[in-house]
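Numbering of the sequence shown is given in this note's numbering, commencing with residue 43 and proceeding in unit increments.
Note that CB positions come from ideal geometry on N, CA and C, so glycine has one too.
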Amino acid sequence: MELNEIYFYTVAILDWIPLLKEEKFKLIVLNSLIHLIEKKKIVVYGFVIMPNHIHIIWQSLEKNGKEMPYASFMKFTGHAFLEELRETNDPLLTRFKVTRNSRDHQFWQRNGLPIVMYNRKILEQKLDYIHFNPLQEHWKLVSYPNDYYFSSCSFYEQQDKRFSWLTHYMDAL
């Protein structure tokens, strides 16, 4: 991903394990995004946190030290997941054990999918996809898109102040 481009980014938990089903892991994802926004490294226009994957519409503004913000996001959330699973002695931790030189555990699949948002129409299509994702037949997380807390839907539809850290896409395109 390049700086100053808006992307629709999808990344899944390793082997599609539903780690993000629990609220505490969703909050790790949100807090990491908020931290990078506060450091003025990223802008987030939309998101949804599903049980085993996330979708984000975001833009990287500048590197976080020597690394791109998405790399910082992946690294921070992975470390926080590891710490939480170790602290609670959760047996789920064994499912993330890997044998690699650089790490003992891996939480995110290696190849997230970034798609450049070339225009407003494409971005709006992706934003609708994000907001309706929790209603899909195989998820059935809520009955109405605004009811799913871990999504930017209520920010757009109800001007939800809980997500004041988001930036409206109309301010960018």
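Taking residue i as part of the beta strand (DSSP E), name the residues at either end of that continuous run.
i, result
"Tyr-186", "Where Tyr-186 is concerned, there is no enclosing beta strand (DSSP E), given that its DSSP letter is neither H nor E."
"Thr-52", "48 to 54"
"His-95", "95 to 102"
"Phe-89", "84 to 91"
Measuring straight from C-alpha to C-alpha, what distance separates residue i and residue j?
i, j, result
"Ser-196", "Asn-143", "42 Å"
"Tyr-49", "Ser-114", "16 Å"
"Gly-120", "Gly-154", "14 Å"
"His-210", "Ile-76", "15 Å"
"Ile-55", "Ile-99", "18 Å"
"Asn-73", "Pro-187", "22 Å"
"Asp-213", "Asp-202", "17 Å"
"Ile-130", "Pro-111", "Reading the sequence as shown, one finds Thr at residue 130 and not Ile. The alpha-carbon atoms of Thr-130 and Pro-111 are separated by roughly 28 Å."
"Lys-82", "Leu-165", "22 Å"
"Asp-189", "Glu-47", "30 Å"
"Lys-105", "Leu-177", "35 Å"
"Trp-58", "Gln-200", "31 Å"
"Phe-118", "Glu-125", "11 Å"
"Gly-88", "Ser-102", "14 Å"
"Val-158", "Gln-167", "13 Å"
"Phe-123", "Tyr-160", "33 Å"
"Tyr-198", "Leu-169", "10 Å"
Ordered along the chain, which non-local residues of its own chain (more than five positions away) have a Cβ less than 8 Å from that of residue i?
i, result
"Phe-79", "For the sequence presented, residue 79 should be read as Ile rather than Phe. Excluding residues within five positions, the ones whose Cβ falls inside 8 Å are Val-85, Val-86, Trp-207."
"Asn-175", "Val-90, Met-92, His-97, Trp-181, Ser-193"
"Gln-148", "Leu-56, Gly-120, Phe-138, Val-140, Arg-142"
"Leu-62", "Ile-55, Lys-68, Val-71, Ile-91, Met-92, Pro-93, Asn-94, His-95, Ile-96"
Sorted by chain position, which residues of the same chain lie with C-beta nearer than 7 Å to residue i's C-beta, five sequence neighbours on each side aside?
i, result
"Leu-127", "Leu-134, Leu-135"
Say the cut is 8 Å; is the CB of residue i nearer than that to a heavy atom of the ligand SAH?
i, result
"His-97", "Inclusion of the ligand SAH in the displayed structure is not the case, the ligand content being empty and no account of it being possible."
Just curious, the alpha helix (DSSP H) that residue i is in, first and last residue?
i, result
"Pro-111", "111 to 129"
"Asn-106", "Run containing Asn-106: none; DSSP gives neither H nor E here."
"His-77", "65 to 80"
"Ser-196", "195 to 200"
Quick one: residues in its chain with C-beta nearer than 6 Å to the C-beta of residue i, no 5 flanking neighbours on either side, listed in chain order?
i, result
"Thr-52", "His-97, Leu-155"
"Gln-151", "Ala-54, Leu-56"
"Leu-45", "Ser-102"
Can you give the beta carbon distance from residue i to residue j, rounded, assuming they're within the 8 Å contact cut?
i, j, result
"Arg-162", "Leu-215", "5 Å"
Any beta strand (DSSP E) of 3 or more consecutive residues that is wholly inside the stretch 143 to 178: When DSSP assignments are scanned along the stretch 143 to 178, the uninterrupted stretches of beta strand (DSSP E) that are 3 or more residues long and fall wholly within it turn out to be 155 to 158.
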